[in-house]
Amino acid sequence: MLYESALRRRSAELMRQWSALGVSVTRVSNEHHWALKSRMRGGRSLQPLRPLIDIKAEVRAFAGGCDLVTVMGWSTSADPVLLVPMHQLLRHLSQMKSIYRDGFIVFNEPASKVLHIDYDEADGTQCQVIVLSASGA
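This is how it looks when you write it as structure tokens:
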């Protein structure tokens, strides 16, 4: 119950931040939220974190064919899963560090992989692709 309350507060905060950018986002259903988080925990990295040179090109290459993308902060225990219009995500990538301080995750569709964008003070912005588990192992 406390966790759900904290998640609702964080959802409202993120939705306000996106709205301030002029972007309307939607929180995914609780069922979909928990399924994605479970699959993330059972996922495995295809590669180590690597320096990210062009965030827009990386996101476009990963999920560019989608009209809507599923986005979550890297803090999978605290951040809600949101649907964001792809063109708006691409337009506002430079503001993502203020919304998701530690980094964020973009899911491909159908959700079989994620692109993890990591903001690290020492190593700079990095990324990696993670393959999701089939059922949340």
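Following the working numbering, the residues of the sequence shown are numbered contiguously, the last one being 138. Here a beta-carbon is modelled for each residue, glycine too, at the ideal position from N, C-alpha and C.
* Which term fits R45, buried or exposed, when burial requires 16 or more other beta carbons within 10 angstroms of its beta carbon? -> R45 is exposed by the Cβ-count criterion.
* **Cutoff 6 Å; reference A138; Cβ partners in own chain excluding five residues on either side** => Because the pLDDT at A138 is just 49, under 50, the model does not fix this residue reliably, and the point stays unresolved.
* Asked: For D68, which beta-bridge partners are listed by DSSP?
  -> None; D68 has no bridge partner.
* Asked: Looking at the unbroken alpha helix (DSSP H) that takes in Q1, where does it start and where does it end?
  -> In this structure the chain extends from 2 to 138, so residue 1 is not present and cannot be described.
* Asked: First and last residue of the alpha helix (DSSP H) that includes L133?
  -> Where L133 is concerned, there is no enclosing alpha helix (DSSP H), given that its DSSP letter is neither H nor E.
* **First through last residue of the alpha helix (DSSP H) which encompasses I100** => Note, I100: alpha helix (DSSP H), 97-100.
* Thinking L90 and V72 are a contact (beta carbons under 8 Å), I'd like their distance in whole angstroms, please. => The pair is a contact, with the Cβ atoms about 7 Å apart (cut-off 8 Å).
* With respect to the beta strand (DSSP E) encompassing L37, which residues constitute its N-terminal and C-terminal limits? -> According to the DSSP assignment, L37 belongs to no beta strand (DSSP E) but to the alpha helix (DSSP H) extending over 31-42.
* Asked: Could you give the distance in angstroms between the alpha-carbon of A64 and the alpha-carbon of N109?
  -> Between A64 and N109, the C-alpha separation is close to 6 Å.
* Is the beta carbon of R51 less than 8 Å from the beta carbon of Q129? -> Between R51 and Q129, the CB-CB gap stays under 8 Å.
* Do you know offhand how far L8's Cα is from L37's? -> Taking the straight line joining both Cα atoms gives about 15 Å.
* Asked: Thinking just about the alpha-carbon of each residue, which of S12, C67, E32, L53 is nearest to the one in T1?
  -> Past the edges of the chain, shown from 2 to 138, lies residue 1, and the structure says nothing about it.
* Residue from G23, D119, L69, A62 with nearest C-alpha to V29 -> Residue L69 is the option with its Cα nearest to V29.
* **Local conformation of I54 per DSSP, three classes** => Reduced to three states, the DSSP call for I54 is coil.
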